[in-house]
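Student:
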Amino acid sequence: MIAVLMFPGSNCENETKLACEKAGMKAEIVRWNDVSKLGSYSGYVLPGGWSYEDRIRAGVIASKDTVVAFLKKEAAAGKPILGICNGCQILVEAGLVPGNGKLEMAVARNENPLVSGYYCSWVHMKKTSSLKTAFSAVDDVMAIPIAHGEGRFVTNDTELLAALEENGQILFRYCDAGGDVATSFPDNPNGSSGAIAGICNKEGNVLAMMPHPERAAWMRQMPGEHADGEEAGPGLRIFESMKRYIDEN
Amino acid sequence: MKTELFVRLKVVDTTALTALTAIQEMGFTDCVEVKRDVYYAFESDVDISKSLLGVDVLVNANKHAARFSADVTGVGVLVTDADDDCSALLHTLTERLGISSITHVSRGVLWTLRFKEGVDSTLIAEKIARGLLSNEHYQKFVILG
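Sequences listed follow chains G and D, in order.
All residue numbers for the first sequence refer to my numbering, where the first residue is 103 and numbers rise by one.
All residue numbers for the second sequence refer to my numbering, where the first residue is 8 and numbers rise by one.
(1) Could you check what DSSP says for Ile248 (chain G) in three-state terms: helix, strand or coil?
(2) Quick one: list the residues of chain G neighbouring His144 (chain D), beta-carbon separation under 7 angstroms, in chain order.
(3) Helix, strand or coil for Tyr153 (chain D)? Go by DSSP, reduced to three states.
(4) Check each candidate in D:Gly105, D:Arg114, D:Ser108 and D:Ser107 and name the one with the smallest Cα separation from Asp91 (chain D).
(5) At what residue ranges does the segment 112-153 of chain G contain a whole run of the beta strand (DSSP E), taking only runs of 3 or more?
(6) If the cut is a Cβ gap below 7 angstroms, which residues of chain G does Ala29 (chain D) touch?
(7) Between the beta-carbon of Arg365 (chain G) and the beta-carbon of Arg211 (chain G), is there less than 8 angstroms?
(8) Just list the residues that DSSP pairs Gly83 (chain D) with in beta bridges.
(9) Going by alpha carbons, who is nearest to Lys124 (chain G) out of G:Gly151, G:Ser231, G:Glu316 and G:Asp278?
(10) Would Phe75 (chain D) be called buried (16 or more neighbouring beta carbons within 10 Å of its own) or exposed?
(11) My guess is that Ala245 (chain G) and Met324 (chain G) are in contact by the Cβ rule of under 8 angstroms, so how many angstroms apart are they, rounded?
(12) Let's see if you can read the secondary structure: which residues bound the beta strand (DSSP E) around Val308 (chain G)?
(13) Expressed to the nearest angstrom, what Euclidean distance is found between the alpha-carbon atoms of Lys121 (chain D) and Leu233 (chain G)?
(14) Against chain G, with Cβ distances strictly below 8 angstroms, would Glu32 (chain D) count as a contact?
(15) For Leu104 (chain D), which three-state DSSP category applies?
(16) Alpha carbons only, please: which of G:Arg322, G:Cys302 and G:Leu140 is nearest the one belonging to Leu263 (chain G)?
(17) Might you give, ordered along the chain, the residues of its own chain that have their beta carbon closer than 6 angstroms to the beta carbon of Leu205 (chain G), omitting 5 neighbours on each side?
(18) Taking CB distances under 8 angstroms as the criterion, tell me whether Asp88 (chain D) reaches chain G.
(19) Secondary structure at Leu273 (chain G), three-state DSSP: helix, strand or coil?
(20) Would you report the Cα separation of Leu354 (chain G) and Asp63 (chain D), rounded to the nearest angstrom?
Now the structure itself:
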C-alpha cells in the first residue's frame with residue numbers, strides 16, 4: 103500500500119493516487135497530520151500543489167512537519183519515496199535529497215524569459231544516470247508536463263553538482279525532443295542548474311522531480327491524437343518502476 | 008537617492024502566523040511574535056515617495072500600510088533572493104507607470120521577530136533565519152535591530 107501524503111494545499115493527490123493504482127499498486131490518500139498508520143506503508147508519494155500556500159518559500163513549512171521527520175526514517179529503511187513538484191520542493195528543503203542529512207540545495211524561483219512566476223508547459227526529460235534506483239525503469243526520453251514557479255535546482259556548494267554527477271544521482275535532465283540535454287529556455291523551462299529535472303539520494307530510493315509524471319500516465323493526457331487513450335503514458339513508467347522496486351525488496 | 012519602502016498587511020498576515028507556528032514547533036519557543044513587510048529599495052535622482060504610493064502595484068491602500076522606514080520592534084531579518092534583478096518590476100514602474108527616474112530596484116522580505124525578555128534574541132533570530140526564513144543556496148539575509 104502506498105501513502106499519497108496530502109499536506110494543506112496539496113492539489114494533485116487524486117490523480118497521483120490513480121497513477122499509483124494504474125501501475126498496479128494499492129494507494130490511499132493520507133493527511134499530513136494522521137501519523138497513526140504511517141509505518142505500515144510500503145512507499146510514499148508527495149504530490150504536487152502548494153503546501154501551506156508556499157508561505158515563506160515553496161515546501162519549507164511542510165519540510166518541518168512531523169510526518170517528514172518520519173519519512174527520513176522510512177527513507178533510511180530503504181522504502182521508496184517520490185516527491186513530485188511541491189513534493190520535490192519539500193524533499194529538498196527537508197534534506198532528504200540529495201540526502202546527506204542537511205540542506206544542500208534549493209528549488210529556487212524560475213529563470214524564464216517569458217514570464218516571471220508560475221509557468222506551465224510540456225517539456226522533455228531524459229534519464230541521465232545508470233544508477234539502479236527505485237524509479238529508473240523508464241523510457242530514455244519522455245514528454246512530460248511541468249507547472250511551477252519555483253523549480254530551478256541551485257546550490258552554492260561548488261562541488262556538489264560534480265559529486266551528484268559522479269554518484270549518478272542526477273536521474274533526470276531536461277532535454278529537447280531528440281534527447282540532447284537542454285542548454286537554454288524553452289527546453290530548460292526554469293533555468294535549472296545542469297538542466298536538472300530530478301535528483302535522487304545516493305541509495306536511489308528517494309526521488310525529487312519537478313515534472314508531473316501523473317499527468318503523463320495515460321496516453322489520453324499526452325499531446326496529439328491517440329488510438330487508445332487508456333494505454334500507459336510515459337510518466338506511468340516511474341510508478342511502475344516504484345512498484346517493481348517494492349516487489350523486489 | 009535611495010528610497011526604502013516597507014509594505015505590511017493591515018489585515019491578519021497568515022504567512023507571518025504560519026512562520027511563528029513553524030518557528031515555535033522548531034523549538035524556538037522564546038519567539039512570541041512575527042511581523043512581515045515586503046521590502047523595496049529604489050534608486051532615483053528625485054524624490055519618488057508620492058509616486059510610489061500612487062501606483063497600486065506596490066501598495067493597495069485598502070489592505071496595506073506603507074512606510075518609508077523600518078518598524079523593527081524586535082530583531083529584523085531581511086531576506087533577499089541573490090539573483091533577483093527585479094527587471095520586470097523596474098520595467099513596469101518606469102515604462103508603464105511613468106516613474107521614469109528610477110534606475111534600480113531591489114526587494115526582499117523583512118521579518119520582524121519579537122522574543123521574550125532576557126534571551127539572546129539576535130543569536131536566535133540568526134538561527135531562525137538560517138533554518139527557516141532563508142535558503143542559503145539562493146538567498147541572503149541580514150540581521151537588523
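Note that the Cβ used here is the ideal one computed from N, Cα and C, for glycine as well.
Tutor: On the basis of the supplied data:
(1) strand
(2) Those are Met207, Ala208, Val256, Thr257 and Asn258, listed as they occur along chain G.
(3) Look at the range of chain D in this structure, 8 to 152, and you will see that residue 153 (chain D) is not part of it.
(4) D:Arg114
(5) 129-133 and 145-148
(6) Ile163 and Lys166
(7) The displayed coordinates of chain G run from 103 to 351. Any statement about residue 365 (chain G) would go beyond what the structure contains.
(8) D:Thr119 and D:Leu151
(9) G:Glu316
(10) exposed
(11) Their Cβ separation, rounded to whole angstroms, is 7 angstroms, which keeps Ala245 (chain G) and Met324 (chain G) in contact under 8 angstroms.
(12) Counted as a single uninterrupted DSSP element, the beta strand (DSSP E) harbouring Val308 (chain G) occupies residues Val308 to Met311.
(13) Position check: residue 121 (chain D) holds Arg in this sequence, whereas Lys was assumed. The straight-line gap from Cα to Cα measures roughly 48 angstroms.
(14) yes
(15) coil
(16) G:Cys302
(17) Gly197
(18) Yes, Asp88 (chain D) lies at the interface with chain G (some Cβ there is under 8 angstroms from its Cβ).
(19) Leu273 (chain G): strand per DSSP, three-state reduction.
(20) The structure shown has nothing for residue 354 (chain G), since chain G only spans 103 to 351.
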